[in-house]
Amino acid sequence: MHHPADTKEQIDLLALFRQYAASVRRDRRLAGDNVLTLTLQSQLASHDSVTLDAKIEAGVVSELGYRVRACSLAQASTGILAARVPGLIEVDLLRALKDLETILQNQQTDSNTLIWPELQVFVNAIGMPDRHQVVLLPFQVLQQLFKLEESKANTGCLQG
Amino acid sequence: MIKNIIVVGGGIGGTMTANNLVSKLYPEIIRGEVRVMLISNSPWHYYKPAFMYVAFGAFYKDELRRHQASLLRPEIDFILDQVDGFEFSNSRLRMRSGDSYDYDYLVVSTGCIPSPERIEGLKEAGDHFYQHDPARQLYEKISTIEKGRIFIGVTFPTTPNVPHQCGIAPMETTLMLDEFLRRRGVRDQVEIVYTYPTIAQLVRNCLFLQKQTGEVLPSVFDSKGIIHKRGFTLASVDPERKIAISEEGDEENFDILIQTPPIRAVDAVLDSGISQAPNNEGWLPTDRQTLQLEGFENVFVMGDTVDLPISKAGGSCHNQSPVICNNIAGLMRWGKTVDEYDGKVQAIAQMGLEAGMPLWYDYDVDVIPTPATKIGGLMRKGFNRGVYWSVARGLV
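Protein chains in written order, with full-length UniProt numbering: chain A, 1 to 160; chain B, 1 to 396.
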């Protein structure tokens, strides 16, 4: 009997996938005046939801908190984001998001061309198109938090 | 002022926790400062994992149950009644009898309910082993089948990352079934097909996806001629044609359909309005470390009622119970929780009728399977026949 995960490369990617997913299984919440928080929920019957808390200073995420009530796919993508903090900037996030969308559309699987090679773990999700929106959730939450921070900063400038 | 701690649920989680609370808070209890009460709607405590063996003709009813009161320490007030309403905001329980109880601390351990009626045709045409009477009915079928096809499937909750009841049970019963049919001399005439749904690939308790078990279990099934497939999510059953129909669009015929059914929380939990779980499943939002009900510092949740990404099994309760007792003691004595649950679950998987496989995992580390051995089988039999009752009493 053949299973998709029978090759060594895919099994190693699965192991890496599970490592990232496990890394956010415990909630980590941030509190404070300078913390931005946002929750997004999938449109699926399972109502997967991802909450991120972010401290963004001068366009750089310095700390990330999370509460993931979603399948392992969103856990893994949250884990990948969390591992890229501190130091994550919006430009890199957007490029990673684009890479991720490309992988899910099965258009690119060469890890050498990816901004974050670990995104390759999502080749396991190519065959689950219904769940792609869940993979993307954490990226979309953080993208919106960047926008929120930007508008806050602009408001601050105007008021100043 | 005396502090009232109420444990709701007379399953393994509630029973051991009531006993453990008395041990933990014994100084306060003998000084008359704390009272522990356990509420159950049954005078009997059932060893639920034994239902699996009932499906294979083992365990008479009186072997797998004890009087609830006989398992509780004498300091515990046992109330035979049913909670009809959880008023978490008022720290109050409304009872079916018309009584009400106020509490300072509450432990919700009300379990879950198999609900085959949630899949069209399943109640009429399917079998399972998660309750006594259905397990007896399944035994009648597998002890008389001479030839045909036994189709085994698993239904997961819709709530993401919440597994079905006892993660290992479907695999255990598949291996037991193989051996049972061999002993009856009919295995060559009966095809066994074991399936897992597509969604299982997305939750960590899918044993076939976990690297180490993924390498072990398919070969075990292959060696016994058990056909195994992924990607079958039961959508409905046609009882007339004896066909199981999947969300993926496949149809599978069967002579016996053994399906791990959908599950849900009990009515009073569903009606509390606290759950955020989809599909009206009712799992309570539980802090993953402290095991408090989110938003309610004085309420703790354990066992099958939680929305945690770990197995709904007694092996989870065994590790959650001390955390809850420590945290209630911490809140009473120092005003803060002091312990954290790490997601630990342990079990001895029944691998056929004689062998057993000790295994464990937590939030961070997936299942680490050990070899299936007769020693493991003896450990499981020892647990089934005696150790369990000591665990319920909080002694082990």
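Don't be surprised by glycine CBs; every beta carbon is placed ideally from N, CA and C.
Can you name, in chain order, every residue of its own chain whose Cβ lies under 6 Å from the Cβ of residue i, other than the five neighbours on each side?
i                     : result
G315 (chain B)        : V345, Q346, A347
L116 (chain A)        : For the sequence presented, residue 116 (chain A) should be read as Trp rather than Leu. Excluding positions up to five away in sequence, the list reads A96.
V82 (chain B)         : The identity of residue 82 (chain B) in the sequence shown is Gln, whereas the question assumes Val. Answer for Q82 (chain B): N41, R96, listed in chain order.
residue 407 (chain B) : Because residue 407 (chain B) is not part of the residues shown, which for chain B are 1 to 396, the question remains open.
E252 (chain B)        : F151, A244
Q210 (chain B)        : Reliability fails at Q210 (chain B), whose pLDDT of 49 lies under 50, so the model's placement of it is uncertain and no value is given.
Y53 (chain B)         : F59
L353 (chain B)        : M176, E179
K224 (chain B)        : D178
A54 (chain A)         : L36, V61, L64, L145
residue 426 (chain B) : Because chain B is modelled from 1 through 396, residue 426 (chain B) falls outside the range shown and cannot be assessed.
L293 (chain B)        : L284, V299, V301
Does DSSP put residue i in a helix, in a strand, or in coil?
i                     : result
A244 (chain B)        : strand
A58 (chain B)         : coil
S316 (chain B)        : helix
C166 (chain B)        : coil
Q82 (chain B)         : coil
H47 (chain A)         : coil
R385 (chain B)        : helix
T144 (chain B)        : coil
N253 (chain B)        : strand
L291 (chain B)        : coil
S390 (chain B)        : helix
S40 (chain B)         : strand
N298 (chain B)        : strand
R94 (chain B)         : strand
S23 (chain A)         : coil
K224 (chain B)        : coil
F232 (chain B)        : coil
A31 (chain A)         : coil
Q276 (chain B)        : coil
L52 (chain A)         : strand
I258 (chain B)        : strand
Y105 (chain B)        : strand
P114 (chain B)        : strand
F51 (chain B)         : helix
P309 (chain B)        : coil
T158 (chain B)        : coil
H132 (chain A)        : helix
K3 (chain B)          : strand
Q144 (chain A)        : helix
residue 408 (chain B) : Chain B is shown from 1 up to 396; residue 408 (chain B) falls before or after that span and cannot be answered.
Grab me the residues of residue i's own chain with a C-beta within less than 8 Å of its C-beta, minus the 5 sequence neighbours each way, in chain order.
i              : result
A83 (chain A)  : Y20, S23, E118
V323 (chain B) : T290, L291, D339, E340, Y341
E172 (chain B) : M52, A349, Q350, M351
I29 (chain B)  : V22, R35, V36, E75
V269 (chain B) : F86, V108, T110, S275, G282, L284, T305
Between residue i and residue j, which are expected to be in contact by the criterion C-beta below 8 Å, what is the C-beta distance as a whole number of angstroms?
i              : j              : result
V34 (chain B)  : K3 (chain B)   : 5 Å
S72 (chain A)  : N279 (chain B) : At roughly 19 Å, the Cβ-Cβ gap does not stay under 8 Å, so S72 (chain A) and N279 (chain B) are not in contact.
G394 (chain B) : N20 (chain B)  : 5 Å
V123 (chain A) : I103 (chain A) : 6 Å
E227 (chain B) : Y194 (chain B) : Checking the sequence shown, residue 227 (chain B) turns out to be Ile, not Glu. The pair is a contact, with the Cβ atoms about 7 Å apart (cut-off 8 Å).
L44 (chain A)  : V141 (chain A) : 16 Å between Cβ atoms; not a contact.
E63 (chain A)  : L38 (chain A)  : No, E63 (chain A) and L38 (chain A) are not in contact; Cβ-Cβ is about 15 Å, not under 8 Å.
L36 (chain A)  : L145 (chain A) : 5 Å
Y130 (chain B) : G57 (chain B)  : That belief does not hold up - the Cβ atoms of Y130 (chain B) and G57 (chain B) are roughly 17 Å apart, past 8 Å.
G167 (chain B) : S321 (chain B) : About 19 Å separates the two Cβ atoms, so there is no contact after all.
A372 (chain B) : G356 (chain B) : 7 Å
Y103 (chain B) : I5 (chain B)   : 7 Å
Whose C-beta lies closer than 7 Å to the C-beta of residue i among residues of the same chain, with five residues either side of it excluded?
i              : result
A69 (chain B)  : F78
Q289 (chain B) : E340, Y341
I263 (chain B) : C112, I113, P114, S115, P157, H164, Q165
D92 (chain A)  : I115
R118 (chain B) : P262
Is there a Cβ of chain E sitting closer than 8 Å to that of residue i, yes or no?
i              : result
D178 (chain B) : This model lacks chain E altogether; the protein chains it does include are A and B.
Could you tell me if the beta carbon of residue i falls within a distance shorter than 7 Å of some heavy atom in the ligand FAD?
i             : result
L30 (chain A) : The ligand content of the structure shown is nil, which means the ligand FAD is not present either.
Closer than 7 Å between beta carbons: that is the criterion. Which residues of the segment 47 to 75 of chain A meet it against chain B? Answer set for the segment 47 to 75 of chain A: H47, D48, R69, A70, C71, S72, L73.
The segment 148 to 165 of chain B: positions lying closer than 8 Å to chain A by Cβ | T158, T159, P160, N161
Handout entry: Cβ-based contacts, 8 Å cut-off: residues of the segment 333 to 364 of chain B near chain A
Key = G343, Y363, D364
**OP:** Entirely within the segment 61 to 128 of chain A and at least 3 residues each: give me those beta strand (DSSP E) ranges in chain order.
**Re:** none
Q | Residues of the segment 259 to 292 of chain B whose Cβ lies closer than 7 Å to any Cβ of chain A, in chain order | A | P278, N279, R288, Q289
- Query: Taking Cβ-Cβ distances below 8 Å as the criterion, which residues of the segment 78 to 94 of chain A are in contact with chain B?
  - Reply: Residues of the segment 78 to 94 of chain A with a Cβ closer than 8 Å to any Cβ of chain B: none.
Item to complete: Name, going along the chain, the residues of the segment 292 to 314 of chain B whose beta-carbon falls closer than 8 Å to a beta-carbon of chain A.
Response: D307, P309
Margin query: By the 9 Å beta-carbon criterion, what residues does the segment 15 to 38 of chain A contribute toward chain B?
Written below: A15, R18, A21, A22, S23, R25, R26, D27
Notebook entry, point to check: Along the segment 138 to 155 of chain A, what residues have a CB closer than 7 Å to any CB found in chain B?
Noted result: none
Problem - Contacting positions in the segment 359 to 393 of chain B - beta carbon closer than 7 Å to chain A - result: Y363, D364, D366
Interface positions of the segment 94 to 120 of chain A facing chain B (Cβ-Cβ less than 7 Å), listed along the chain
The segment 94 to 120 of chain A vs chain B, Cβ under 7 Å: nothing.
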